[in-house]
Amino acid sequence: MRFLLDAEQAEFGRTLGRVLAAADTPAAVRAWGAGDSAPGSAVWRRLAGAGVFGLAVPEKYGGAGFLPVELVVSFVELGRYAIPGPVVETAAAAVLLERLGDTGGPAGVWQPAIAAGDAMVSYADLTRGPYALDAATADATFLVDGDTLRASGGSGPVQPSVDPARRLTRCPGGAVLASGPAVRVAAARADDIARLLTAAQALGVGRRLLDDTVAYVKQRTQFGVAVGSFQAVKHRLADVLLALEFAEPLVYGAAVESARASQAGTAGAADAVGVGIAMAKVAAGEAAYAAARAALQLHGALGYTDELDLSLWIRKARALRNAWGTPAECRARVLADHTAPAR
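Structure (structure tokens):
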């Protein structure tokens with residue numbers, strides 16, 4: 013199955029890629045991991061200027077409306093350039109606030125700021141784990157615990173992470189912003205969008221790792237010939253390419269269905285989309301992880317060095333594989349749907 017972007021969507025992706033290529037994103041990632049958010053914040057402003065965050069915000073708050081396909085196009089590029097910060101969480105928070113409504117509440121305060129790029133927001137569903145991403149840097153952190161939405165009352169020390177640029181902290185709950193069954197419903201939708209955008213990021217990470225590794229094996233020589241000429245190397249990279257090619261239509265297909273479900277506005281449509289997103293997350297996460305393993309091996313000893321920028325994408329692939337749904341969790345959701353009694 014193929015999902016082709018229209019000319020406007022494809023050009024948006026290319027334009028965003030050019031914007032990010034002009035930024036020194038590896039330096040921003042390293043600084044972010046060391047606790048210096050200034051370079052990453054400068055990249056954030058570039059993203060806001062390109063309209064990325066407005067794609068998750070309704071028009072009444074200054075956004076472009078909820079556009080899942082365009083969001084996926086954006087987040088593939090964000091993964092390709094290893095953008096640091098709570099980009100997924102900010103978009104998911106926008107979806108959460110929109111689902112809860114109430115223009116006089118947190119939505120009316122934070123949605124315009126998110127769309128304009130004036131607010132960096134984190135979001136955590138505490139039923140999934142106790143940590144929030146980049147809460148110490150974010151302007152606001154929204155915490156969902158069961159059927160209660162709270163604003164974080166601060167953040168604890170940064171916890172060790174496989175990716176130092178993903179700064180995870182425990183956050184004490186603060187003021188209650190909303191409560192009731194609607195919070196749980198809105199959080200389920202926000203979690204699905206976070207999972208979809210994480211899959212898109214992983215797809216971009218995998219593409220970057222493959223491109224860099226192909227370029228490397230073309231110029232590295234052994235026994236007087238390019239390493240890339242060896243059949244075993246070709247097969248390894250072909251396997252990675254196939255995994256990414258199979259993941260891509262699942263990710264874009266889930267985005268298309270997410271847009272349709274948003275228009276339908278029914279719980280059944282949202283549940284079906286969640287299953288498709290889980291499929292996409294497994295495929296993209298595993299493909300990116302395979303790309304990371306191949307890149308590490310085919311770069312030889314150089315691939316193990318922190319000084320090589322490749323390491324930034326390798327670590328990100330490992331982290332994104334489990335973020336917002338491990339492979340086991342996503343497979344369980346798909347299996348549960350396929351073994352459930354017919355409705």
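Okay, so the sequence shown: first residue is 13 according to the numbering used here, each after it adds one. For every residue, glycine included, the Cβ atom is placed at its ideal position computed from N, Cα and C. Please read these numbers as outputs of a predicted model, since none were measured by experiment.
For residue i, the residue or residues it bridges with in DSSP
i           : result
residue 154 : 135 and 163
residue 316 : Answer is none; residue 316 lacks a bridge partner.
residue 182 : 143
residue 234 : 237
residue 171 : 180
residue 191 : 160
Residue closest to residue i, alpha-carbon to alpha-carbon, out of the options
i           : options               : result
residue 274 : 64, 111, 56 and 310   : 111
residue 198 : 271, 159 and 323      : 159
residue 132 : 256, 346, 54 and 22   : 54
residue 288 : 269, 145 and 344      : 269
residue 59  : 87, 330 and 170       : 87
residue 340 : 138, 215 and 298      : 298
residue 38  : 319, 68, 262 and 143  : 319
residue 125 : 236, 73 and 351       : 73
residue 182 : 195, 193, 148 and 210 : 148
residue 190 : 118, 40 and 254       : 118
residue 157 : 302, 135 and 170      : 135
residue 170 : 121, 146, 186 and 150 : 146
residue 290 : 227, 211 and 49       : 211
residue 67  : 151, 209, 95 and 42   : 209
residue 336 : 138, 50 and 106       : 138
residue 307 : 349, 48 and 321       : 321
residue 23  : 51, 46, 62 and 52     : 62
residue 203 : 310, 314, 353 and 342 : 342
residue 264 : 253, 69 and 285       : 285
residue 48  : 150, 252, 28 and 238  : 150
residue 33  : 251, 92 and 105       : 92
residue 259 : 301, 235 and 231      : 301
residue 29  : 237, 349, 216 and 283 : 216
residue 338 : 229, 349, 296 and 326 : 296
residue 227 : 310, 283 and 247      : 310
residue 196 : 229, 107, 349 and 76  : 107
residue 76  : 113, 127 and 120      : 127
Neighbour-count burial assignment, residue i, 16 or more Cβ in a 10 Å radius
i           : result
residue 316 : exposed
residue 162 : buried
residue 225 : buried
residue 141 : exposed
residue 312 : exposed
residue 347 : exposed
residue 188 : exposed
residue 167 : buried
residue 18  : exposed
residue 26  : exposed
residue 172 : exposed
residue 219 : buried
residue 82  : buried
residue 345 : buried
residue 351 : exposed
residue 101 : buried
residue 241 : exposed
residue 213 : buried
residue 192 : exposed
residue 304 : buried
residue 6   : The first residue shown for the chain is 13 and the last is 355, placing residue 6 beyond what the model contains.
residue 174 : exposed
residue 105 : buried
residue 78  : buried
residue 70  : buried
residue 51  : buried
residue 80  : buried
residue 165 : exposed
residue 46  : exposed
residue 282 : buried
residue 229 : buried
Contact belief for residue i with residue j at Cβ below 8 Å, rounded distance in angstroms
i           : j           : result
residue 65  : residue 103 : 7 Å
residue 221 : residue 249 : Not confirmed; about 10 Å, so no contact.
residue 207 : residue 293 : 5 Å
residue 200 : residue 84  : Actually they do not touch by this definition, with Cβ atoms about 19 Å apart.
residue 99  : residue 109 : Contact doesn't hold; Cβ gap of about 16 Å is too wide.
residue 44  : residue 129 : Actually they do not touch by this definition, with Cβ atoms about 17 Å apart.
residue 15  : residue 261 : 5 Å
residue 96  : residue 35  : Actually they do not touch by this definition, with Cβ atoms about 11 Å apart.
residue 122 : residue 152 : 6 Å
residue 324 : residue 94  : 5 Å
residue 245 : residue 252 : Residue 245 to residue 252, Cβ: 11 Å. No contact.
C-beta neighbour in chain D for residue i, strict 8 Å
i           : result
residue 222 : Among the chains in the structure shown there is no chain D, since it carries only a single protein chain.
heavy atom of the ligand FAD below 7 Å from residue i C-beta
i          : result
residue 89 : As for the ligand FAD, it is missing from this structure, which has no ligand bound.
- Query: Would you say the region 320-335 touches the region 165-181, given that touching needs at least three Cβ pairs under 8 Å?
  - Reply: The region 320-335, when compared against the region 165-181, does touch it at the 8 Å Cβ threshold.
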